[in-house]
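Going down the list, the protein sequences come from chains A and B.
Our numbering numbers the first residue of the first sequence as 1 and each following residue consecutively.
Our numbering numbers the first residue of the second sequence as 1001 and each following residue consecutively.
Glycine included, every Cβ here is placed at the ideal spot set by N, Cα and C.
Please read the structure below before turning to the comments.
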Amino acid sequence: MSRVRHLLARDQNFTILIGLTVLVYAVLVPVLGGRFLSASNMQSMATQVAEFGLLAMAMGLAMLTGGIDLSIVSAAVLAAVVGSKFLRGDFIAITETNHSTVMAVAIAAALVTGMATGLVNGTLVAKFSVPPILATLGTYIMFSGISTVVTDARAVSVVVPEYPKIAVQTVADVPLIFVIMIAVYVIVAFFLRRTRTGRRIYLYGENDVALRFTGARNERLVITTYILIGLVAGLAGVIISSRANGIKVGYGDTYLLQAILVVVLAGFDPYGGRGRVASLFVGLVMLQSLQSAFTIMQFDPFMKKFIWGAMLLAVMVVNHLMNRRAASKGLAGAAPTAAPPAATRVSAEVTA
Amino acid sequence: MKTFNPFQAVLHRRATTMEKYLGGIIVLYITIVSLKNPLFFTPETLFDMIRSGSGTMLLALGVLMVLVSGGIDVSFPAVAVVSSYLAVMTLDRTGINNIWLAFAVSIGIGTLLGLGNALLIHFLRLPTLIVTLGTASVYHGLMAVVFGTNDFTTGEMPTALLDFGNTNLHTVVDAETGQSFGLTVFLPITVAAIVGVWFVLYRTMLGRSIFAIGSNEESALRLGINIFRTKLFIYTAVGALAGLMGVILFAELKTVNPTATLIGDELMIIAAVVIGGAKLTGGEGTILGTVLGVITIQLFQQTLVLLGLSTLWSDVFFGSVLLVSLAVMYRRQRIADRRNLVFAAA
């Protein structure tokens, strides 16, 4: 019994998250029945969640370092623009026979673009000490500006017919892009848990000054993290352009709020150092299930907007109350999202 | 011998680096534009910029106070739209066609919504960006769900609002074309707000507390500053300014669309204030810098056409100025910090 309680206290957030998800399903399944549980709805949910899941992962990585990345969506769009321009034959002429080559080049170009956006963000944060929130605010404007200029604010349509088929392909009835997302989650989880760089990302978020004095190269670590974020965002861009058969500036504007929502919902500490990939996945499942249920119930977009905002606030209130209770019981060190002591919190606020 | 410095005589201080840098960019840009297109130097351009820039300036003043206190508020466009839309509806439903009522309702609701932000921010102790992202969605979504999102066309709008938008202080008539351009009544309101915020920030204890909190909240607390009261003031003031701005915005646009207007512009306005030298760390930021930042963004948005470039380029121009100024500003601080063996960030 005490072991169970210890486990619950150690990962309270994860437990609550799973409880909430079960609750959501307990309500949705009887109410919506077949329409919700049908194989086709599950499949469409898995297809829809892929690009958003990757963007949420990018946001989560930024938050682990105690930062935030406002540029993820515009980075994904920029990557999609570069890829789509290749696939429209803007750079390489498309012939009958070179479709697969063009596709490989386009995807590679999109991923490299994503990494480049990360390099810019990382350099601003690491080498110039610009707070992440402002650095990515600037690059958000810059990246969407570049996308606007190179596309003339018009849609770029892909002409290679095989490319949009990537998004509808299935592996044993599971959408391929969902499998790709899962693979990224597994790889990132392994990277964060089992590699030195991954562990250092957590340490950096917890206390970057202490990490510096252990001899770690903080600047390189930050740049690496942002390049990884850019790569994940670039992959989201590839999936977006495949699903939408091209790209138009302004795509996915609502993803930013939702990405922050799901990351906070999953118990990531906005001040850095805490957060689990598994929690993020559970949060994602819950959010997408609600999203799909709202669509079946034909909620209007403002109702959804209200619900997402209210959920974000509710999660924060609950986290806050839990932390206070944990702190008053002297469990501050044990609870995963416990508030840092006042002094570090203030300095964290300044750098946040 | 002491040389006379007009800048110092007026402001009783030296220009900050960011003000000099931004002033230089503005002068350079205006020179290029006016050489390329003499049409730039007309009262029309100036009056147009004042008309469209007034609203942005009011919001920027609120953003400046938040940034100086070390926070980021992204809910002000939602607050502006919600409070002024409800004000327009009040005028429409009650049939009282009075601009003062519109201002009273809008500023009142704005203040209340700002109060909501302040309470959540203070008691949750979470990053202000995330809290206000949540409240922005809640405010805007709730308004749309409860009161609907019907547009008011120019014909359907309360005439008091239209009359207010058409009021001019001074009208210039072009001798050749016979067109007239008016200097809008928004200008004295904006100037009054600028002076008001300047007075609060630089001449009251409250204003000094805002800087102190932004510099170091822990030290401010130990100094005996009432942090809750200060934050209460900051976020309600931002709400009130947003409420004021909303009425001006709809009066200027002459249509009321509560879904497509302003929502999504928050990051650009924050960027305008950041470019003016407001720092998220260290409680820095000046009114003059904010004014220059707003002028820069207005110039890029309004006058790129005169250079023969499409307005699509404005984000690229503005983004590059913003990134360079961020890099310069924080690099300087980093060098100073390293000299003092401070390793605060990265």
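Asked, Found
"Per-residue burial, B:Phe1228 [other beta carbons within 10 Å of its own, 16 or more giving buried]", "exposed"
"A:Met322 at chain B interface by Cβ criterion, 9 Å", "no"
"The stretch 1081-1099 of chain B / the stretch 1135-1155 of chain B touching (three or more Cβ pairs under 8 Å)", "yes"
"Counted within 10 angstroms of its Cβ, other Cβ atoms place B:Phe1123 as buried (16 or more) or exposed", "exposed"
"Bridge partners - A:Pro175, DSSP secondary structure assignment", "A:Thr170"
"Interface partners of A:Leu312 on chain B, CB under 8 Å", "Ile1130, Leu1133, Gly1134, Ser1137"
"Residues bridged to A:Ser157 [DSSP beta-bridge criterion]", "A:Gly246"
"Selection of the stretch 1068-1098 of chain B by Cβ proximity to chain A, strictly under 8 Å", "Gly1070, Ile1072"
"Alpha-carbon to alpha-carbon, A:Met45 and B:Arg1331", "45 Å"
"Per DSSP, cross-strand counterpart(s) of B:Val1256", "B:Phe1152"
"Boundaries of the alpha helix (DSSP H) in which A:Thr101 is found, first to last residue", "99-128"
"Straight-line Cα distance separating A:Ser241 from B:Thr1154", "40 Å"
"DSSP bridge partner residues for B:His1170 (one or two, in chain order)", "B:Leu1183"
"Nearest residue (CA-CA) to A:Tyr255, options A:Ser71, A:Leu64, A:Gly66", "A:Ser71"
"Whole-angstrom distance between B:Lys1020 and B:Gly1289, CA atom to CA atom", "9 Å"
"Three-state secondary structure (DSSP) of A:Arg217", "coil"
"Rounded separation between B:Tyr1029 and B:Ser1069 - CA only", "32 Å"
"Nearest to B:Ile1295 (by Cα), restricted to the options B:Glu1266, B:Arg1208, B:Ile1275", "B:Ile1275"
"Cβ of B:Asp1151 within 9 Å of any chain A Cβ", "no"
"Run of the alpha helix (DSSP H) containing B:Ile1048, from where it starts to where it stops", "Strictly speaking, residue 1048 of chain B in this sequence is Asp, with Ile absent from that position. Counting along the chain, the alpha helix (DSSP H) containing B:Asp1048 begins and ends at 1043-1068."
"Any C-beta of chain B under 9 Å from that of A:Phe143", "yes"
"Whole-number beta carbon distance between A:Gly89 and A:Ala106, since they are thought to touch under 8 Å", "About 10 Å separates the two Cβ atoms, so there is no contact after all."
"Closer than 9 Å to chain A by CB, B:His1140", "yes"
"Cβ-based burial, B:Gln1301 [other Cβ within 10 Å; buried from 16]", "buried"
"Per-residue DSSP class, three states only, for B:Arg1332", "helix"
"Cβ-Cβ distance between B:Thr1171 and B:Phe1181 below 9 Å", "yes"
"Where A:Glu206 falls: helix, strand or coil (DSSP)", "helix"
"Residue ranges of each alpha helix (DSSP H) within the stretch 250-297 of chain A, 4 or longer", "255-265, 277-296"
"Through-space distance from B:Phe1343 to B:Thr1111, alpha-carbon basis", "39 Å"
"Reference B:Thr1236; option with closest CA among B:Trp1100, B:Asn1037, B:Ser1106", "B:Ser1106"
"C-beta neighbour in chain B for A:Lys248, strict 9 Å", "no"
"Beta carbon proximity, A:Thr148 to chain B, threshold 9 Å", "yes"
"B:Leu1126: contacting residues in chain A (beta-carbon distance under 7 Å)", "Pro270, Met316"
"Alpha-carbon spacing of B:Met1065 relative to A:Lys165, whole angstroms", "51 Å"
"Sufficient close CB pairs (3 or more, under 8 Å) joining the stretch 122-138 of chain A to the stretch 217-231 of chain A", "yes"
"A:Glu162 - DSSP class collapsed to helix/strand/coil", "coil"
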